[in-house]
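Colleague: Dropping the structure in here first, questions after.
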Amino acid sequence: MVSVSEAATGMGGNWHVRKVRIGEVEFPYHYGVDCTDRILGELADLGADRFIVVTDDTVLALHGERILPGLRALAPVEVLSQQPGEHMKSLSQLSDYVERALGAHATRSTVVIAFGGGVPGNLAGLLSALIFRGVRLVHIPTTTVAAMDSVLSLKQAINSSLGKNHIGTYYSPEAVYTDIRMLTTLPERELRSGLCEAAKNCLAIAPDALPGLRKVLANGGLNTPDSLLWLLDESIRAKTMVTAQDTREQRAALVLEYGHTTGHAVELADQRLRGSEGLSHGEAIAFGMIVAARISHARGWMSRECVIQHEEIVAALGAPQRLPGKMTVDDVLSVVRDDNKRGYLPAEPDSIPYVLLKGLGDLAGTENLPLVQVKLAEIRDALEGLNRDNAWGS
Ligand SMILES: NC(=O)c1ccc[n+]([C@@H]2O[C@H](COP(=O)([O-])OP(=O)(O)OC[C@H]3O[C@@H](n4cnc5c(N)ncnc54)[C@H](O)[C@@H]3O)[C@@H](O)[C@H]2O)c1
4 MVSVSEAATG
14 MGGNWHVRKV
24 RIGEVEFPYH
34 YGVDCTDRIL
44 GELADLGADR
54 FIVVTDDTVL
64 ALHGERILPG
74 LRALAPVEVL
84 SQQPGEHMKS
94 LSQLSDYVER
104 ALGAHATRST
114 VVIAFGGGVP
124 GNLAGLLSAL
134 IFRGVRLVHI
144 PTTTVAAMDS
154 VLSLKQAINS
164 SLGKNHIGTY
174 YSPEAVYTDI
184 RMLTTLPERE
194 LRSGLCEAAK
204 NCLAIAPDAL
214 PGLRKVLANG
224 GLNTPDSLLW
234 LLDESIRAKT
244 MVTAQDTREQ
254 RAALVLEYGH
264 TTGHAVELAD
274 QRLRGSEGLS
284 HGEAIAFGMI
294 VAARISHARG
304 WMSRECVIQH
314 EEIVAALGAP
324 QRLPGKMTVD
334 DVLSVVRDDN
344 KRGYLPAEPD
354 SIPYVLLKGL
364 GDLAGTENLP
374 LVQVKLAEIR
384 DALEGLNRDN
394 AWGS
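Heads up, this note's numbering is the position in the sequence shown plus 3, with the first residue counted as 1.
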């Protein structure tokens, strides 16, 4: 990855530009604090004939005024917005947005702007990939999950009725622009959700960043621009370490799926039980990491100390350490069976491919395919153990 940071004056913060390379694809990631005017200046250079802004009603209410008047001065703007939530990531919603974008006279010179969290980001990604077989996409992420995780991936996906992210493609943005100031309005829960992914990167890819993460967590004040800038820098570094040679995240970058197999299943099962009151994506992934740590320990791979480190970080992030609410182990297992990593390894009965660590930053499997088959019974044992025991470190 090439990284260039340039100081910007008069904006109350620095304007950073890093080139993100994912396989053969490269795009600039611009970020700073209070830099919306600069972002609008960059968007003007795109020469768009129209902007299609995919967002949600919360983001629109909180931050729409920062962006929309300036955008309208550049070109006509069509805003596609919905009540926020994972429900947006459906085929019917995507189909509606495609029709509305075309109905608003989108052309090949149109730019789709993903303005919001990972949900509008994924929808906008698919929308831009589909219209005329591909129009330009720009991300303006407003959640920690989006800014520190999803925009650093080319994966664009929506959900099927069977599971998360089952329908999608790979699509590259022209550029990413983050104004850290917009992240500071996130509720604590959403803020922490992105931090869970940052923690995943530290545990699985860049354990040298763990002392820094602990410091940020111990300081509280997670939504200060300084903490968020540190986390964004570290996330770009860790994530591009594994995606630089793996555009499709189907080889070395599968490490990014750490915590995701059981995490996704818990997230989906909780949505079915509690709707939008359920766990956030990041909380579910954090929980999935301690399940993975317990499975690895039960195999005689991961040390008890390393499991305890997982638990301490997950606890500091405010994520659960046992199944939430009324969710049962069977609720989780019934979803885990449909995990989207099936097929990477030769099928084995009652098993699914799983990312496991043997220690911090030490992957099981091979460097090019960091997956091992895990039996559903092992996941059951780990979940039942977590529901039964206190955290080992407490
Ligand atoms: N590779 C990838 O593409 C990738 C990676 C990680 C996550 N994801 C996807 O991203 C989604 C989760 O992303 P998310 O957590 O950003 O969800 P989200 O987009 O639903 O945002 C979460 C909530 O935060 C609100 N919000 C957004 N910005 C805000 C702000 N600045 N201030 C206050 N509230 C704000 C939203 O309205 C929403 O209620 C999942 O669907 C996941 O699958 C994709």
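Even glycine gets a Cβ: it sits at the ideal position worked out from N, Cα and C.
Tell me whether leucine 186 counts as near ligand 1, meaning its Cβ is closer than 7 Å to at least one heavy atom of that ligand.
Modeller: Start at 1 with the first residue of the sequence shown, and residue 186 comes out as number 183. Set against 7 Å, the gap from the CB of leucine 186 to the closest heavy atom of ligand 1 is smaller.
Colleague: Just to confirm, are isoleucine 239 and tyrosine 32 a CB contact at a threshold of 8 Å?
Modeller: Against the sequence shown, residue 239 aligns to sequence position 236. Against the sequence shown, residue 32 aligns to sequence position 29. Contact: yes.
Colleague: Should glutamate 9 be labelled buried (16 or more other beta-carbon atoms within 10 Å of its own) or exposed?
Modeller: Within the sequence shown, residue 9 is the residue found at index 6, counting from 1. Note on glutamate 9: pLDDT 41, under 50, position unreliable in the model; the coordinate value appears next. Result: exposed.
Colleague: To the nearest angstrom, report how far apart lysine 242 and alanine 385 are at their CA atoms.
Modeller: Sequence index remark: in the sequence shown, residue 242 carries index 239 (1-based). Sequence index remark: in the sequence shown, residue 385 carries index 382 (1-based). Distance between the alpha carbons of lysine 242 and alanine 385: 28 Å.
Colleague: Along the alpha helix (DSSP H) that carries leucine 140, what are the first and last residues, could you check?
Modeller: Taking the sequence shown and counting its residues from 1, one reaches residue 140 at position 137. Premise fails: leucine 140 lies in the beta strand (DSSP E), 139 to 144, not in any alpha helix (DSSP H).
Colleague: Exposed or buried, which one is leucine 398 when buried takes at least 16 other CB atoms within 10 Å?
Modeller: Limits of the chain in this structure are 4 at one end and 397 at the other, which puts residue 398 out of reach.
Colleague: Going by C-alpha distance, which of Pro190, Val294 and Gly197 is nearest valine 335?
Modeller: Counting from one through the sequence shown, the residue named residue 335 turns up at place 332. With distances taken between CA atoms, valine 335 lies nearest to Val294 out of Pro190, Val294 and Gly197.
Colleague: Runs of 4 residues minimum, wholly inside the segment 26 to 50: which ones carry the alpha helix (DSSP H) assignment?
Modeller: You should have 39 to 47.
Colleague: Quick one: what does DSSP say arginine 297 is sitting in, helix, strand or coil?
Modeller: Locating residue 297 in the sequence shown gives position 294, where the first residue counts as 1. Helix at arginine 297.
Colleague: How many Å lie between proline 352 and glutamate 81 at the Cα?
Modeller: What you label residue 352 is simply residue 349 of the sequence shown in a count that begins at 1. What you label residue 81 is simply residue 78 of the sequence shown in a count that begins at 1. Using only the alpha carbons, I get a separation of about 49 Å.
Colleague: Please work out which residues of its chain come closer than 7 Å, Cβ to Cβ, to leucine 133, disregarding the five sequence neighbours upstream and downstream, and give them in chain order.
Modeller: Along the sequence shown, one-based indexing puts residue 133 at 130. Within the same chain, leucine 133 has close Cβ partners Val101.
Colleague: Contact check, glutamate 177 vs leucine 129 under 8 Å by CB: the rounded distance?
Modeller: Your numbering for residue 177 matches position 174 in the sequence shown. Your numbering for residue 129 matches position 126 in the sequence shown. With a Cβ gap of about 16 Å, glutamate 177 and leucine 129 do not count as contacting.
Colleague: Out of Met330, Asp52, His169 and Gln96, point me to the one whose CA is closest to leucine 77's CA.
Modeller: Indexing the sequence shown from 1 puts residue 77 at position 74. Comparing Cα positions, the closest option is Asp52.
Colleague: Would you list the residues sitting across from valine 56 in a DSSP beta bridge?
Modeller: Taking the first residue of the sequence shown as 1, we reach residue 56 at position 53. Beta-bridge pairing links valine 56 to Val82 and Ile116.
Colleague: I'd like to confirm something about threonine 145: is its beta-carbon nearer than 7 Å to some heavy atom of ligand 1, or not?
Modeller: Counting from 1 along the sequence shown, the entry for residue 145 is found at position 142. Threonine 145 Cβ: within cutoff of ligand 1.
Colleague: Quick one: Cα of glutamate 27 to Cα of alanine 394, how far?
Modeller: For the purposes of this step, residue 27 is identified with residue 24 of the sequence shown, where counting begins at 1. For the purposes of this step, residue 394 is identified with residue 391 of the sequence shown, where counting begins at 1. About 43 Å.
Colleague: Which parts of the segment 258 to 310 are runs of the alpha helix (DSSP H), unbroken and 4 residues or longer, counting only runs that do not cross its ends?
Modeller: 263 to 277 and 284 to 301
Colleague: Our contact map puts alanine 247 next to isoleucine 25 with C-beta atoms below 8 Å; I'd like the distance itself, whole angstroms only.
Modeller: The residue labelled residue 247 in the question sits at position 244 within the sequence shown. The residue labelled residue 25 in the question sits at position 22 within the sequence shown. The beta carbons of alanine 247 and isoleucine 25 sit about 7 Å from each other, so the pair counts as a contact at 8 Å.
Colleague: Quick one: any contact between the segment 118 to 125 and the segment 36 to 50, if contact means 3 or more CB pairs under 8 Å?
Modeller: no
Colleague: With tyrosine 100 as the anchor, note down where its alpha helix (DSSP H) starts and where it stops.
Modeller: On the sequence shown, position 97 is the one that residue 100 refers to. Taken as a continuous stretch (DSSP letters only), the alpha helix (DSSP H) holding tyrosine 100 covers 94 to 106.
Colleague: Along the chain, where does the alpha helix (DSSP H) containing alanine 241 start, and where does it finish?
Modeller: Along the sequence shown, one-based indexing puts residue 241 at 238. Looking at the DSSP string, the run of the alpha helix (DSSP H) that includes alanine 241 is 228 to 246.
Colleague: Should valine 148 be counted as a contact of ligand 1 given a C-beta to heavy atom distance under 7 Å?
Modeller: Walking along the sequence shown from the start, residue 148 turns up at place 145. Yes.
Colleague: If you reduce the DSSP assignment to three classes, tell me which class methionine 14 lands in.
Modeller: Taking the first residue of the sequence shown as position 1, residue 14 is located at position 11. Bear in mind that the predicted position of methionine 14 carries a pLDDT of just 45, short of 50, making it unreliable; the figure below should be weighed with that in mind. If DSSP states are grouped into helix, strand and coil, methionine 14 belongs with coil.
Colleague: For a test of your reading of the model: does the CB of asparagine 125 fall under 7 Å from any non-hydrogen atom of ligand 1? Yes or no.
Modeller: On the sequence shown, residue 125 is found 122 positions in, with the first residue counted as 1. Yes; taking the cut-off as 7 Å, the Cβ of asparagine 125 has a heavy atom of ligand 1 nearer than that.
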